[in-house]
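**Q** Count along the sequence shown from 1, then add 11; that gives the number in our numbering. A virtual CB, placed ideally from N, CA and C, is assigned to each residue, including glycine.
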Amino acid sequence: MEETSKKRGRPWLWVLIALLAIGVLAAAAWFVTFRVNHFSLELALTGDPKVLLEYGDSFTEPGVTPILRGTLFLKEGYTPEKLEILRETDLNEGKLGKYSIIYSAKLLNCSAAAQREVRVIDTKAPTITLKEDPEGSLVEGVIYQEAGFTATDNYDGDITDRVVRTEEPGLVTYAVTDSSGNPAVAKRQIPFRDMVLPEILLEGGEDYTITLGTRYEEPGFTATDNVDGDVTAMVQVEGEVDWLTAGTYPITYTVTDSCENQTVVTRNVEVVTQPWQDTVYPEGKVVYLTFDDGPSAYTAELLDVLDAYGAKATFFVVGSGNGSMMRQIVNRGHSIGIHSVSHNYDQIYASPEAYFDDLMNMQSIIYDNTGVKTTLMRFPGGSSNLVSRHSCEGIMTFLTQAVQDAGFQYFDWNVYSGDAGETKKTEKVADNVIEGIQQHRVSIVLQHDIHSYSVDAVEDILSWGKRNGYRFLALQPGSPGFHHDLNN
Ligand code: ZN
12 MEETSKKRGR PWLWVLIALL AIGVLAAAAW FVTFRVNHFS LELALTGDPK VLLEYGDSFT
72 EPGVTPILRG TLFLKEGYTP EKLEILRETD LNEGKLGKYS IIYSAKLLNC SAAAQREVRV
132 IDTKAPTITL KEDPEGSLVE GVIYQEAGFT ATDNYDGDIT DRVVRTEEPG LVTYAVTDSS
192 GNPAVAKRQI PFRDMVLPEI LLEGGEDYTI TLGTRYEEPG FTATDNVDGD VTAMVQVEGE
252 VDWLTAGTYP ITYTVTDSCE NQTVVTRNVE VVTQPWQDTV YPEGKVVYLT FDDGPSAYTA
312 ELLDVLDAYG AKATFFVVGS GNGSMMRQIV NRGHSIGIHS VSHNYDQIYA SPEAYFDDLM
372 NMQSIIYDNT GVKTTLMRFP GGSSNLVSRH SCEGIMTFLT QAVQDAGFQY FDWNVYSGDA
432 GETKKTEKVA DNVIEGIQQH RVSIVLQHDI HSYSVDAVED ILSWGKRNGY RFLALQPGSP
492 GFHHDLNN
């Protein structure tokens with residue numbers, strides 16, 4: 012009985028114990044939830060954290076989501092519905108630039124912030140507007156009268172003054188760039204018609220003079236056009252110069268530009284003759300010894316013999332002749348003259364041009380070897396040769412005039428040694444010459460210093476001549492030529 016009443020008499024104790032237990036459990040729950048578990052808050056941006064906003068468009072806030080997480084509980088995160096989120100920004104949609112939006116929020120002891128960048132940009136090109144040409148305002152010609160234009164930009168406004176205008180034939184180009192670097196180009200076709208003639212510049216001038224016998228070479232020219240630029244290659248050259256016949260020869264230069272403007276200029280090439288040499292006969296009894304077709308291996312010995320007798324002679328040399336011997340001839344006081352480079356009759360008498368090419372080339376060879384620009388010459392075969400008939404009818408008649416018009420003097424002979432085939436005997440050569448000399452007061456003797464038997468005859472000739480009062484002289488400009496009668 013007692014025991015039962017005892018037990019029944021203390022129910023409050025159980026209540027107290029129960030309350031204590033609840034308290035301990037609650038404390039433990041609090042401890043675990045807020046001390047063992049750590050909360051954190053974050054703000055998650057919706058959309059791009061960096062936004063490009065085209066100037067003129069409105070910014071639409073994409074939003075931000077708060078997420079509460081715990082290390083023990085709410086690991087997956089929890090979004091409090093009514094949490095107040097603060098939003099601060101310096102965004103100015105009306106001005107290009109870089110702006111930021113800062114989001115922040117607080118919950119429990121946690122705080123969170125997030126940032127979004129907004130760039131206001133301009134990617135739209137400006138607009139160029141060309142004013143229409145009022146009727147008739149276009150000028151046909153080089154100068155175009157600008158009808159006007161404007162340029163506007165969605166951001167910069169009127170940027171007409173920044174337009175760069177370039178004009179070329181038939182086209183005006185307008186270009187502008189806005190402050191963000193967006194370019195715009197407009198083009199205007201203009202009914203351009205070039206009325207300016209191309210220009211031709213003649214090197215050497217419009218009056219051009221050459222000496223007869225000098226091959227005419229185009230002195231050169233340039234042609235330019237205001238539209239087409241260098242048009243030298245389009246120039247048509249017409250006309251010919253007969254550089255072996257005195258006269259004035261027009262050469263025309265014609266060029267047409269792409270707009271059909273044509274320019275024609277004329278060069279008058281005058282081929283002038285040189286005055287003919289007056290013949291001056293020497294005093295007394297004179298022998299002009301002349302030697303053709305060398306110099307050869309025998310020429311050195313011949314020069315020694317001439318020196319020994321104080322005699323001077325004349326050498327009409329060929330292209331195959333030894334150059335240093337040509338120099339010796341000149342240095343030892345003799346005359347040097349032109350014979351031929353090739354001495355090939357078919358070649359040199361094929362045409363007047365061919366003859367003159369050979370003549371001028373031989374003159375150059377002599378000049379190169381001796382420094383003497385000789386005008387003395389002898390035709391291969393002499394002016395009376397028949398052989399040229401096969402190649403060119405009448406050529407000797409033409410050439411004998413032309414060479415003198417070109418400033419040369421040609422020499423034939425009135426004494427022939429017979430050393431070119433008639434004899435190979437030294438005594439016969441000497442006899443022929445000595446016999447011939449006596450027929451004239453002044454003689455030109457033809458020998459060839461390529462034949463030893465002819466060279467060997469010279470000492471006898473000199474010896475006889477000296478004994479008989481002859482002077483042995485070298486031919487000079489103006490010496491008598493003893494021209495033969497022509498056969499062709
Ligand atoms: Zn000859």
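Cα-Cα, which of ASN355, THR76 and THR290 is closest to PHE390?
**A** Per the Cα distances, ASN355.
**Q** MET206: buried (16+ other C-beta within 10 angstroms of its C-beta) or exposed?
**A** exposed
**Q** Check whether the Cβ of PRO491 sits closer than 7 Å to any heavy atom of the ligand ZN, and report yes or no.
**A** False, no ligand heavy atom lies under 7 Å from that Cβ.
**Q** Is TYR421 buried or exposed, if buried means 16 or more other CB atoms sit within 10 Å of its CB?
**A** Buried.
**Q** How would you label ASN443, buried or exposed, when you count the other beta carbons within 10 angstroms and need 16 or more for buried?
**A** Here ASN443 is buried. Its C-beta has 16 or more other C-beta atoms within 10 Å.
**Q** Quick one: does the C-beta of HIS401 sit closer than 7 Å to a heavy atom of the ligand ZN?
**A** no
**Q** Rounded to whole angstroms, how far is the Cβ of PHE50 from the Cβ of GLY81, which I believe are closer than 8 Å?
**A** Indeed, because the Cβ distance is near 5 Å, the residues count as touching under 8 Å.
**Q** Rounded to whole angstroms, what is the Cα-Cα separation between ASP423 and ALA485?
**A** If I take the Cα positions, the gap works out to 14 Å.
**Q** Check each residue's C-beta against every heavy atom of the ligand COA and list, in chain order, those closer than 5 Å.
**A** In terms of ligand content, the structure shown lacks the ligand COA and carries the ligand ZN instead.
**Q** Within a Cβ cutoff of 6 Å, which residues of the same chain sit near TYR89, ignoring the five residues on either side of it in sequence?
**A** LEU79
**Q** Counting beta carbon pairs with one atom in the region 293-310 and one in the region 234-241, are three or more of them shorter than 8 Å?
**A** no
**Q** Which residues bound the alpha helix (DSSP H) around LYS439?
**A** 437-448
**Q** Can you tell me whether THR15 is buried or exposed, with buried defined as 16 or more other CB within 10 angstroms of its CB?
**A** Note that THR15 scores a pLDDT of 49, beneath 50, so its modelled location is shaky; the value from the coordinates is reported in the next line. Its Cβ having fewer than 16 others within 10 Å, THR15 is exposed.
**Q** Might you give, ordered along the chain, the residues of its own chain that have their beta carbon closer than 7 Å to the beta carbon of SER148, omitting 5 neighbours on each side?
**A** Confidence at SER148 is low in this model, with a pLDDT of 49, below 50, so its placement is unreliable and the value that follows should be read with caution. Counting only Cβ-Cβ distances below 7 Å, and skipping sequence neighbours, we find GLN156 and ALA158.
**Q** SER335 by DSSP, collapsed to three states: which one?
**A** Here SER335 carries a helix assignment [DSSP, helix/strand/coil].
**Q** Go through its chain and collect everything with a Cβ distance to ARG452's Cβ below 7 Å, but skip five positions before and after it.
**A** LYS296
**Q** What does a CB cutoff of less than 6 Å around ASN498 pick up in its chain, not counting 5 residues either side in sequence?
**A** SER395 and LEU397
**Q** At which residue ranges does the region 331-387 contain complete beta strand (DSSP E) runs of 3 or more residues, listed in the order of the chain?
**A** 346-351
**Q** Rounding to the nearest angstrom, what Cα-Cα distance links ILE69 and VAL131 in this structure?
**A** The sequence shown places Ser at residue 69, not Ile. Those two C-alpha atoms are separated by around 10 Å.
**Q** For ILE113, is the classification buried or exposed, using 16 other Cβ atoms within 10 angstroms of its Cβ as the cut-off for buried?
**A** exposed
**Q** Check the C-beta distance from THR256 over to VAL282 and give it rounded, since I have them as a contact under 8 Å.
**A** 7 Å
**Q** Anyone know if the C-beta pair for ILE139 and ALA124 falls short of 8 Å?
**A** no
**Q** Name the DSSP bridge partner or partners of GLN200?
**A** Beta-bridge annotation (DSSP): GLN200 is paired with LEU182.
**Q** Tell me whether TYR481 sits in a helix, a strand or coil according to DSSP, three-state version.
**A** coil
**Q** What's the call for GLY489, buried or exposed, on a 16-neighbour Cβ count within 10 Å?
**A** Exposed, by the Cβ-count rule.
**Q** When we look at the beta-carbon of GLU13 and count the other beta-carbons within 10 Å, is it buried (16 or more) or exposed?
**A** Caution is warranted here: a pLDDT of 46 is assigned to GLU13, below 50, making its placement in the model unreliable, and the coordinate value is therefore given only provisionally. With fewer than 16 other Cβ atoms within 10 Å, it is exposed.
**Q** Have a look at ASP304, GLY392, SER399 and VAL187 and flag the residue whose alpha-carbon is nearest the alpha-carbon of VAL352.
**A** That would be ASP304, whose Cα lies nearest to the Cα of VAL352.
**Q** Label TRP254 either buried or exposed according to how many other C-beta atoms from any shown protein chain fall within 10 Å of its C-beta, with 16 as the threshold for buried.
**A** buried
**Q** In chain order, what residues of the same chain have a beta carbon less than 8 Å from the beta carbon of ILE170, not counting five sequence neighbours either side?
**A** PRO137, ALA162, THR163, ASP164, VAL187 and ASP189
**Q** Can you name the residues that DSSP bridges to LEU119?
**A** Bridge partners of LEU119: none, in fact.
**Q** Name the two residues that bound the continuous beta strand (DSSP E) containing GLY258.
**A** 258-267
**Q** How about GLN458 and PHE302: do their beta carbons lie closer than 8 Å?
**A** yes
**Q** Can you tell me whether GLN126 is helix, strand or coil according to DSSP?
**A** strand
**Q** What residues in its chain sit with their C-beta under 6 Å from that of MET388, if we drop five residues either side in the sequence?
**A** GLY348, ILE349, PHE419 and TYR421
**Q** From this set, LEU473, GLY108 and GLU53, which residue's C-alpha is nearest LYS323's C-alpha?
**A** Per the Cα distances, LEU473.
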